[in-house]
Amino acid sequence: MTAAPPAPRAVVAARLRQARVLRGLSQREVGVRMGMDKDTASARISRYESEGMSISLEALFELAQALEVPPAYLLATSPAMADAILALGEQSAAQQERFAELLGVLGELSAKKRNALIEKVLSPTKD
1 MTAAPPAPRA VVAARLRQAR VLRGLSQREV GVRMGMDKDT ASARISRYES
51 EGMSISLEAL FELAQALEVP PAYLLATSPA MADAILALGE QSAAQQERFA
101 ELLGVLGELS AKKRNALIEK VLSPTKD
């Protein structure tokens, strides 16, 4: 039996907190970057992080911009997906397209061939 997916509010709260801490920003700084009043910004971000308040889609996009992360990062349900989104988001639009092509090709390979290719790419080279 598979585990139930995390609640959306919990996912956003965890990713928000993680990105904010990694960027070295206070809750107040994030809120101000989103255009909130400096006197209420900290409380609002705190409510998002504690799952005490829902976030609108518009606010989610503003939050992503304030944290300098792709909006999809805030919705990633696993650490691996979050890391992949951040890595892809750091690339140019052209590189993002190429990586998307590559993922499509990898997905079409048999599991055995795909795993062998991934191991070859990720294993340390012996020059």
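Positions 1 to 127 (full-length UniProt numbering) are the ones given, in order, by the sequence shown. We put the CB at the ideal spot given by N, CA and C, even for glycine. Bear in mind that the values here come from a model prediction, so they are computed numbers and not experimental data.
Item	Value
According to DSSP, is L25 helix, strand or coil?	coil
Between the C-alpha atoms of A3 and I55, what's the straight-line distance to the nearest angstrom?	25 Å
Where does P8 fall in DSSP's three states?	helix
Between the C-alpha atoms of A41 and A93, what's the straight-line distance to the nearest angstrom?	33 Å
Give me the residue from Q65, M36, I45 and L109 with the minimum Cα distance to P9.	Correcting the residue type first, residue 9 is Arg in the shown sequence and not Pro. Minimum Cα distance to R9 is reached at I45.
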